[in-house]
Each structure stands twice: as structure tokens, then as C-alpha cells.
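Q:
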Amino acid sequence: MTTARVRGIYTTALTQLLSEAGCEIVQASEPIRERFEQSFDAAPADVTLETTRDRQGVELSGDGDAVETVAGELAGLAIDSFRWADDVPRGAVFDADVLEAGGGSGAVVDLGDGRRGYLNYDDADGYVDAGDRYRVQVHEPAPSWDDDRPRVRPTIEIQGGLCTLSQDRTGVSAALRGTRGEELVGMTDLLSVEAPDGWGVRWQHAAADADLEAMGAALEAAVDRARALEDALADAPDDPGEPGLLAAPRRTEWCWFGRETRFALDGVRRRVETTMPGHHRTKAADRAASPAVDFAEAVYGSVGAGADSDDGAFPFAAVAHQFGPTSGDRLEIGHGKPDGRLVSLGRGEITDWDPEGKVTLERSMSAGGSYDALGAPKESGDVAVTKFREGRWWYPTTYKDASGAAKGTYVNVCTPVELFPDTARYVDLYVDVIRRGDGTVEIVDADELEDAVDDGLVAEDLAEKAMDVAEAVERALSK
1 MTTARVRGIY
11 TTALTQLLSE
21 AGCEIVQASE
31 PIRERFEQSF
41 DAAPADVTLE
51 TTRDRQGVEL
61 SGDGDAVETV
71 AGELAGLAID
81 SFRWADDVPR
91 GAVFDADVLE
101 AGGGSGAVVD
111 LGDGRRGYLN
121 YDDADGYVDA
131 GDRYRVQVHE
141 PAPSWDDDRP
151 RVRPTIEIQG
161 GLCTLSQDRT
171 GVSAALRGTR
181 GEELVGMTDL
191 LSVEAPDGWG
201 VRWQHAAADA
211 DLEAMGAALE
221 AAVDRARALE
231 DALADAPDDP
241 GEPGLLAAPR
251 RTEWCWFGRE
261 TRFALDGVRR
271 RVETTMPGHH
281 RTKAADRAAS
291 PAVDFAEAVY
301 GSVGAGADSD
311 DGAFPFAAVA
321 HQFGPTSGDR
331 LEIGHGKPDG
341 RLVSLGRGEI
351 TDWDPEGKVT
361 LERSMSAGGS
371 YDALGAPKES
381 GDVAVTKFRE
391 GRWWYPTTYK
401 DASGAAKGTY
411 VNVCTPVELF
421 PDTARYVDLY
431 VDVIRRGDGT
441 VEIVDADELE
451 DAVDDGLVAE
461 DLAEKAMDVA
471 EAVERALSK
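Residue numbering for the sequence shown follows UniProt numbering, beginning at 1 and increasing consecutively.
#1: Would a C-beta distance cut-off of 9 Å place residue 349 and residue 361 closer than the cut-off?
#2: Per DSSP, what kind of secondary structure is residue 403 in: helix, strand or coil?
#3: Determine the closest residue to residue 354 out of 346, 426, 328 and 340, with distance taken between C-alpha atoms.
#4: Near residue 363, which residues of its chain fall below 6 Å by C-beta distance, leaving aside the five closest residues on each side in sequence?
#5: Using a Cβ distance threshold of 8 Å, determine whether the segment 160-168 contacts the segment 128-136, with at least three qualifying pairs required.
#6: Out of curiosity, what's the CA-to-CA distance linking residue 96 and residue 374?
#7: Under the assumption that residue 445 contacts residue 430 (Cβ atoms under 8 Å), give the Cβ distance between them as a whole number of angstroms.
#8: Under the DSSP definition of a beta bridge, which residues are partnered with residue 60?
#9: Among the candidates 390, 411 and 336, whose CA atom is the shortest distance from the CA of residue 371?
#10: Quick one: complete alpha helix (DSSP H) runs, 4+ long, within the segment 13-40?
#11: With H, G and I counted as helix, E and B as strand and the rest as coil, what does DSSP make of residue 200?
#12: Using the beta-carbon count (16 or more within 10 Å), is residue 222 buried or exposed?
#13: Thinking C-beta only, is residue 85 closer than 9 Å to residue 490?
#14: Can you confirm whether the segment 140-150 touches the segment 168-180 when touching is taken to mean that 3 or more C-beta pairs between the two stretches lie within less than 8 Å?
#15: Helix or strand or just coil, what does DSSP make of residue 209?
#16: If you run the structure through DSSP and keep just helix, strand and coil, what is residue 221?
#17: What does the Cβ neighbour count give for residue 233, buried or exposed, with the cut at 16 atoms within 10 Å?
#18: Going by the DSSP bridge assignment, what does residue 151 pair with across the sheet?
#19: Kindly indicate which residue of 11, 469, 152 and 271 has the alpha-carbon position closest to the one of residue 58.
Structure, rendered in C-alpha cells:
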């Protein structure tokens with residue numbers, strides 16, 4: 001049975017989902033232990049799920065087979081759930097060359113094959129200079145849609161939920177202070193397994209709930225991983241000519257959740273706890289939204305107001321009034337790609353706002369070149385008027401000249417749009433519909449969608465949905 005540790009804003013829903021799929025949830029947090037009518041062991045986890053910092057999805061890191069099993073469950077949640085494997089996974093070891101140093105708080109390092117990492121100066125001994133070579137380990141991977149680089153350290157560790165082995169430590173210590181921390185250190189002497197030479201043991205906060213058997217299993221699992229990593233690194237050359245990967249004992253995948261996926265997670269969570277419509281959509285919008293959502297659900301639950309029903313509509317107006325976006329705000333267009341990248345199409349001012357979830361965005365365009373597929377030139381004074389609606393599978397952008405005359409309209413077909421406080425977010429589905437200045441309407445880039453299906457970037461059912469949307473838009477524009 002696969003064991004999983006879950007943290008972040010999706011924890012309740014994922015705990016329920018994975019439990020129903022036959023996974024065992026371990027190292028559960030205190031709120032989860034209170035919420036579920038079952039016990040959770042403080043045992044080692046085969047895979048760890050962490051909500052990403054931007055709350056758009058989750059990181060899955062751990063044993064390769066376990067990550068594959070769990071990622072498959074998440075990818076099947078809804079039509080707009082995506083998953084991507086990371087070629088710089090958590091725990092991987094690289095020989096790295098420093099590319100840029102001297103400014104800021106860290107250096108950019110070359111990991112080989114076009115991969116880059118970030119080394120904080122405080123994590124390195126002595127002065128860091130361009131051209132220096134370090135053997136580093138990935139401490140914090142970065143999702144493909146994020147501009148951040150994975151953080152690396154010149155310290156080799158075996159991370160675990162209960163304990164961590166590190167070549168940068170000696171002896172036994174605990175992250176917990178006080179009596180319980182002292183007990184964990186003392187109980188280590190009673191275990192039948194010891195850390196290998198050159199490795200120190202540090203018990204983490206999750207170990208506070210562990211008994212002697214669980215501690216022994218956690219330490220044994222960490223020791224096995226440490227020895228396997230030592231064997232892999234023993235075969236690596238001491239002075240390789242180029243930077244590159246030396247060992248990747250764990251696997252990391254990223255799951256990005258679209259709007260329909262978030263609402264599907266609401267439905268799963270509702271089987272356990274009072275859940276307002278748009279629970280995960282609201283929490284993903286702004287970190288400050290979490291306590292507001294928790295308060296609203298507590299009120300719902302106490303008066304029996306029906307937040308356990310999925311019939312309610314997402315309260316866009318209330319969320320937008322509290323956190324944005326509203327009229328006058330500047331909004332970025334976050335153009336996600338099915339391969340995991342995120343491209344910014346620029347920012348504009350919201351000139352019109354509707355409580356039903358509609359916003360109009362205006363951007364000033366630079367002169368030079370032409371508008372894709374429309375064939376119209378980009379000229380000084382041009383304005384792009386984009387109309388978004390929360391949850392819609394497409395959005396139109398009309399390009400106008402300085403006099404206000406339309407040069408053409410470009411309709412982007414995408415996963416359901418989410419209007420977060422700073423960014424309109426979706427994943428582009430390649431196929432688009434255009435209406436040129438002369439009134440002719442055409443579906444374009446359908447071949448790119450077919451290629452994406454062949455390459456495994458877009459699922460067949462999602463591609464069929466995209467073509468259905470494009471054909472419906474084409475009919476509407478042709479009338």
C-alpha cells in the first residue's frame with residue numbers, strides 16, 4: 001500500500017481522495033486528525049504532497065512508483081488537471097558550475113543540459129565566485145510555471161517527514177524543543193538501527209506523535225536511502241569535465257489544477273466537511289483568503305446553511321470585492337502552456353467589471369510587426385480590448401486602432417479562466433478562432449492541437465472539448 005504525507009490548502013480533499021483510492025495517509029496534521037474519524041500512523045511516507053507557494057497545484061516527491069500512482073489519481077480529477085515530471089527533482093545530486101555571482105543573496109549555477117539552479121550564499125562555505133564547482137543537492141524544486149529556479153545546497157541530506165539524515169550534522173538532535181525533543185534524542189539509543197558513519201540524525205516535528213516502532217522504521221528507511229545514494233555517488237567521477245546529474249534517488253512531479261479541478265476537489269472535501277462553493281478556488285486566489293473561508297464555513301456549519309451542497313454558485317463578487325480584481329486594477333494575462341510553462345501576455349487596466357464574473361481589460365500595444373493570423377499591422381496608438389469571464393473556456397481580444405476602429409478579433413480557446421487578484425489564469429489549448437477586419441471568420445492552429453495530442457501534452461477528451469468550443473465560437477462569430 002502506498003503511504004502519503006499531505007500538506008497545504010488541498011489537504012482535506014486529497015486525504016479523502018487518496019484514502020478512497022487505497023492509499024494510506026501518514027503523518028497527518030492535527031486539523032486532519034480531528035476532521036477524519038480514523039487514525040493516522042506516524043509512519044514513513046512513500047510520497048509527499050505539498051501545495052505550491054502560488055497555490056496553483058501540488059508537488060509530489062518520493063518513490064518513483066508511488067509518485068506515479070498518486071499523480072495518476074490527481075490527473076484524473078477533472079478535464080483541466082495537468083501533470084509534468086521534473087528533470088531537477090527533490091533530492092537529486094549534481095556537479096554544478098557557478099555562472100553568475102556577486103549580486104543579490106545567491107548565485108545562478110549550471111546543472112548541465114540547460115538546467116539551472118540557485119545557490120544561496122549563506123548555504124556555501126566561503127566566497128562564491130563565477131566558475132567555482134560545487135557538488136549540490138536539490139533542496140527545493142521549482143514548478144515549470146514558476147520563474148524561480150530550484151534551490152540547491154552543497155550539503156547532502158536524506159529528507160523524511162519524521163527524521164532527516166545529513167552529512168552536515170553529527171550525532172542526534174531534534175527540531176522540537178523541550179522535554180519531547182529530549183525524549184526523541186534519548187529514544188534513538190533504543191533503536192536497532194544506527195545512522196551510517198558521516199551522517200547526523202535530526203528528528204522533525206512530525207516525530208512528536210511517533211512511537212518507538214515508527215521511529216525505528218523511519219530511521220531504517222532513511223539509512224537505506226542514504227546508503228543507496230552513497231553507492232550512486234561512489235561511481236561518479238571526482239572531477240568531471242562538465243556539470244551534470246550524478247544521482248536522482250527520488251522522483252518529483254507537478255500537478256497543476258484548473259478551475260474545474262478545484263471544484264472537483266470541493267466535491268471531494270464536501271464528503272468530509274462543510275465546504276462552501278469555490279472553497280479551493282477562493283483559497284488559491286490569495287493566501288489571506290484561507291481564514292476568511294474557514295470562518296464562512298464555520299458559520300455555515302453552525303447554522304446548517306447548506307455549504308455541504310454543491311448546488312451553490314461560486315461567490316465571485318464577494319471574493320473579488322475582498323481580494324480583487326475589480327475596476328481600476330491592473331491585471332496580468334497568465335498564458336499557461338500544456339508543457340507546463342507560463343508566459344505573460346502583459347498587463348492591462350480593468351476598465352469594466354461585472355459581479356457575474358466578467359472583466360474588460362485594456363492594453364496599449366507597441367508598434368511593429370503584425371497581429372498573429374489577423375494579418376493587420378501593429379501601429380502606434382493601437383489598443384487591445386480583452387474580455388474575460390470566470391469559468392469560460394475562451395476569451396476574445398479585439399485589436400483597435402487609435403480611432404477606435406476594429407482591426408480584428410482573436411478568440412483564445414483555453415481551460416476555464418480563473419480571475420485571480422493579480423492574474424487571469426488558464427492553460428492555452430492551441431486552437432483559436434479569428435475574425436479579420438473584413439469580417440471573415442476562421443479556426444486556426446487546429447494542427448498544433450493535434451500535434452499536442454500526439455506528443456502527449458493534451459488528453460484526447462480535452463482536445464475534443466477544445467474543438468467543440470472553437471466550432472461553437474466560429475458559428476457565433478459568423479452570424
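All C-beta atoms, glycine included, are put in the ideal place defined by N, C-alpha and C.
Fair warning: this is a prediction, and the values are worked out from it, not measured in the lab.
A: Let me lay it out:
#1: yes
#2: coil
#3: 328
#4: 346, 348 and 384
#5: no
#6: 46 Å
#7: 5 Å
#8: 49 and 253
#9: 411
#10: 30-35
#11: strand
#12: buried
#13: The structure shown has nothing for residue 490, since the chain only spans 1 to 479.
#14: no
#15: helix
#16: helix
#17: exposed
#18: 118 and 140
#19: 11
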